[in-house]
Amino acid sequence: MKLKYSLITRRTFLNTLFGGWLLAFLSGTLYALLRFAFPTLGKEPDFVVLDRKAFAGIAPNSVKRFAWGGTVGLYLKRADGTVLALKGVCSHMECNVDYKPAEQRFYCACHQGWFDDSGKNIAGPPPKPLELFVISEAGDKLIIAKKGVKVELPKA
Numbered sequence: 011m012k013l014k015y016s017l018i019t020r021r022t023f024l025n026t027l028f029g030g031w032l033l034a035f036l037s038g039t040l041y042a043l044l045r046f047a048f049p050t051l052g053k054e055p056d057f058v059v060l061d062r063k064a065f066a067g068i069a070p071n072s073v074k075r076f077a078w079g080g081t082v083g084l085y086l087k088r089a090d091g092t093v094l095a096l097k098g099v100c101s102h103m104e105c106n107v108d109y110k111p112a113e114q115r116f117y118c119a120c121h122q123g124w125f126d127d128s129g130k131n132i133a134g135p136p137p138k139p140l141e142l143f144v145i146s147e148a149g150d151k152l153i154i155a156k157k158g159v160k161v162e163l164p165k166a
């Protein structure tokens with residue numbers, strides 16, 4: 011059965027085909043450029059290696075921040091001198107948490123969530139505690155790793 015007329019012209023069909031190809035090409039190029047510009051976005055490392063001297067001199071009951079992939083990590087030196095490393099992102103909606111030295115607790119300002127100085131959730135909507143990391147030292151390096159991750163540094 012032959013139609014007397016077509017719903018679209020040959021020119022419209024070819025323009026749509028070319029436009030779709032051009033859109034797919036530009037989207038792929040933009041995605042590749044964004045992944046190049048922001049390589050850590052969406053990735054979380056198993057461990058980070060930091061300079062031990064930079065973290066040795068922090069005052070008791072204070073926090074020093076460090077980069078944990080695309081988010082923030084917190085190195086806490088408690089009032090009694092013990093140290094703790096944890097992920098500085100709330101377990102509720104992934105907002106950054108801040109340490110309040112006067113209360114000796116972590117606070118998430120997004121939804122008024124509170125965590126004690128060991129990372130346990132004590133008030134507000136957070137369903138889980140903050141993620142804790144394992145701290146180890148190797149010479150002048152401070153290694154902060156996820157629990158269960160074995161880190162072997164190359165010998166220099």
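Just so it is clear: in the sequence shown, position 147 is 157 by the working numbering, and no numbers are missing.
Idealized CB from N, CA, C, for every residue including glycine.
> DSSP three-state call for G123: helix, strand or coil?
Replying inline: Taking the sequence shown and counting its residues from 1, one reaches residue 123 at position 113. In this structure, DSSP gives G123 an extended state, which the three-state scheme calls strand.
> Secondary structure at F143, three-state DSSP: helix, strand or coil?
Replying inline: Numbered from its first residue, the sequence shown carries residue 143 at position 133. Here F143 sits in strand by DSSP.
> Between the stretch 26 to 42 and the stretch 117 to 135, are three or more C-beta pairs nearer than 8 Å?
Replying inline: Contact fails between the stretch 26 to 42 and the stretch 117 to 135, because fewer than three Cβ pairs, one in each stretch, are under 8 Å apart.
> What do you reckon, are the CB atoms on K82 and K151 nearer than 8 Å?
Replying inline: The residue given as residue 82 occupies position 72 in the sequence shown. The residue given as residue 151 occupies position 141 in the sequence shown. A small fix is needed here, since residue 82 is Val in this sequence, not Lys. Using a Cβ distance threshold of 8 Å, V82 and K151 do not count as a contacting pair.
> For the putative contact between I154 and F57, defined by C-beta atoms under 8 Å, what is the C-beta separation to the nearest angstrom?
Replying inline: Residue 154 sits at position 144 when you count from the first residue of the sequence shown. Residue 57 sits at position 47 when you count from the first residue of the sequence shown. The beta-carbon separation of I154 and F57, rounded to 6 Å, stays under the 8 Å limit for a contact.
> If we call anything under 8 Å between Cβ atoms a contact, is R88 one with L96?
Replying inline: Residue 88 sits at position 78 when you count from the first residue of the sequence shown. Residue 96 sits at position 86 when you count from the first residue of the sequence shown. Not a contact, by the Cβ cut-off of 8 Å.
> How about E147 and R62: are their beta carbons less than 8 Å apart?
Replying inline: Reading the sequence shown from its first residue, position 137 is the one you call residue 147. Reading the sequence shown from its first residue, position 52 is the one you call residue 62. With respect to the 8 Å criterion, E147 and R62 are classified as neighbours on the basis of their beta carbons.
> Going straight from the alpha carbon of A34 to that of G158, what length do you get?
Replying inline: For the purposes of this step, residue 34 is taken as the residue at position 24 of the sequence shown. For the purposes of this step, residue 158 is taken as the residue at position 148 of the sequence shown. One Cα belongs to A34, the other to G158, and the distance between them is close to 42 Å.
> CA-CA distance, G123 and Q114?
Replying inline: As a position in the sequence shown, residue 123 is number 113, starting the count at 1. As a position in the sequence shown, residue 114 is number 104, starting the count at 1. G123 and Q114: Cα-Cα distance of roughly 14 Å.
>> DSSP three-state label for F76, please.
In response: Here residue 76 corresponds to residue number 66 of the sequence shown, with the count starting at 1. In the structure shown, F76 sits in a strand (DSSP, three-state: E or B).
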